[in-house]
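Engineer:
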Amino acid sequence: VVVCVHCRLLQLRYIPHPAPQLSTMKVIAAILALAGSAVAFAPAEQGSRASSALAAEKPFSDALGATAPLGMFDPLGLVSDGNQALFDALRERELKHGRVSMLAVVGYLTTAAGIRFPGAENIPDGLKSFPALMETSDGMNVIYQMGAFFAVAEIVNRDATWLDKEPAEFIGDYRNGALDFGWDNFDEETKFQKRSIELNNGRAAMMGIWGLVTHELIGESILPGGYLPGQ
Numbered sequence: 012v013v014v015c016v017h018c019r020l021l022q023l024r025y026i027p028h029p030a031p032q033l034s035t036m037k038v039i040a041a042i043l044a045l046a047g048s049a050v051a052f053a054p055a056e057q058g059s060r061a062s063s064a065l066a067a068e069k070p071f072s073d074a075l076g077a078t079a080p081l082g083m084f085d086p087l088g089l090v091s092d093g094n095q096a097l098f099d100a101l102r103e104r105e106l107k108h109g110r111v112s113m114l115a116v117v118g119y120l121t122t123a124a125g126i127r128f129p130g131a132e133n134i135p136d137g138l139k140s141f142p143a144l145m146e147t148s149d150g151m152n153v154i155y156q157m158g159a160f161f162a163v164a165e166i167v168n169r170d171a172t173w174l175d176k177e178p179a180e181f182i183g184d185y186r187n188g189a190l191d192f193g194w195d196n197f198d199e200e201t202k203f204q205k206r207s208i209e210l211n212n213g214r215a216a217m218m219g220i221w222g223l224v225t226h227e228l229i230g231e232s233i234l235p236g237g238y239l240p241g242q
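Numbering (the numbering used here), first residue to last: 12 to 242.
#1: Near leucine 106, what residues of its chain come up, given a Cβ to Cβ distance below 8 Å and the 5 sequence neighbours on each side ignored?
#2: Helix, strand or coil: how does DSSP classify glutamate 227 here?
#3: Take the Cβ of phenylalanine 160 as the centre, count every other Cβ of all protein chains shown within 10 Å, and call the residue buried at 16 or more, exposed below.
#4: For glycine 188, which residues in the same chain have their Cβ closer than 6 Å to its Cβ, ignoring the five residues on either side in sequence?
#5: Between the Cα of isoleucine 154 and those of Leu75, Pro142 and Ala164, spot the shortest distance and give me the residue it belongs to.
#6: Strictly by DSSP, which residues pair up with threonine 78?
#7: Could you tell me the boundaries of the alpha helix (DSSP H) in which glutamine 156 lies?
#8: Would you give the residue range spanned by the alpha helix (DSSP H) that lysine 107 belongs to?
#9: Quick one: what does DSSP say methionine 217 is sitting in, helix, strand or coil?
#10: Report yes if the C-beta distance between arginine 206 and leucine 75 is below 8 Å; otherwise report no.
#11: Residues in the same chain with beta-carbon distance under 8 Å from methionine 145, minus the five sequence neighbours each way, listed in chain order, please.
#12: So for glutamine 204, helix, strand or coil by DSSP?
#13: Do you know whose CA, among Thr225, Asp170 and Val117, lies nearest glutamate 103's CA?
#14: In whole angstroms, what separates the C-alpha of aspartate 149 from that of leucine 97?
#15: For the segment 217-231 against the segment 109-123, are there 3 or more C-beta pairs whose distance is under 8 Å?
#16: Take histidine 108 and list the residues in its own chain whose beta-carbon comes closer than 8 Å to its own, dropping the five residues that flank it on each side.
#17: Please check if any C-beta of chain C sits within less than 8 Å of the C-beta of threonine 147.
#18: Count the other CB atoms, across all protein chains shown, that sit within 10 Å of the CB of glycine 130; report buried if there are 16 or more and exposed otherwise.
Listed below in structure tokens is the structure:
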């Protein structure tokens, strides 16, 4: 009996399993993506940024954005030497790309929903919008206006040190004494929480816009109803 049971176990062990279906792989990928985005959108609390004594010894382990479970994630060791100037430069770029990506995701989904400016009803959505704009003089005017907007935005969105204003409160603070919306009325904990939300939402948006563009390029829709922009 023991021999028979052992033989049966060996048979079960070496039974070849069929390769997982594509739909199953998509479900697994979606679950992993949702789990990752949930972490990205979760606001960081100061007490949960470093969960071990080893992490606490790493440079910038208590900095904004060092969220659980990874903490200070620097696999390339770019700031492992504690270089504050380099860290600030990288953080400024991360914030800028995150802010642009949040606008990009909103714009991509808005045009995919069929919303257009007056006169642009025939312009396709997705990546095909750029070739369509370049086919007409009006479309080229739109591209020129976009370029002008990018230039102005690049000039405005920086710390205006040439103005007689107070210095920026933190990296990415481009108010320059002109905008507030009640920010100065928040306590330090609330400010930290809101800055964490912006940073993590920007990280999620950077992954989101690349996911949307990549799926458009490979012809695989991830939007409701199976809609594929640019087609």
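Backbone N, C-alpha and C define an ideal beta-carbon position, used for all residues, glycine too. Given the structure is predicted, the values throughout are model-derived calculations rather than measurements.
Structural biologist: In this structure, then:
#1: Ile182, Gly183, Glu209, Leu210 and Gly213
#2: helix
#3: exposed
#4: Lys176
#5: Pro142
#6: Gly82
#7: 148-167
#8: 95-123
#9: helix
#10: yes
#11: Met151 and Ile154
#12: helix
#13: Asp170
#14: 43 Å
#15: yes
#16: Gly213 and Met217
#17: Of the protein chains in the structure, only one exists, and it is not chain C.
#18: exposed
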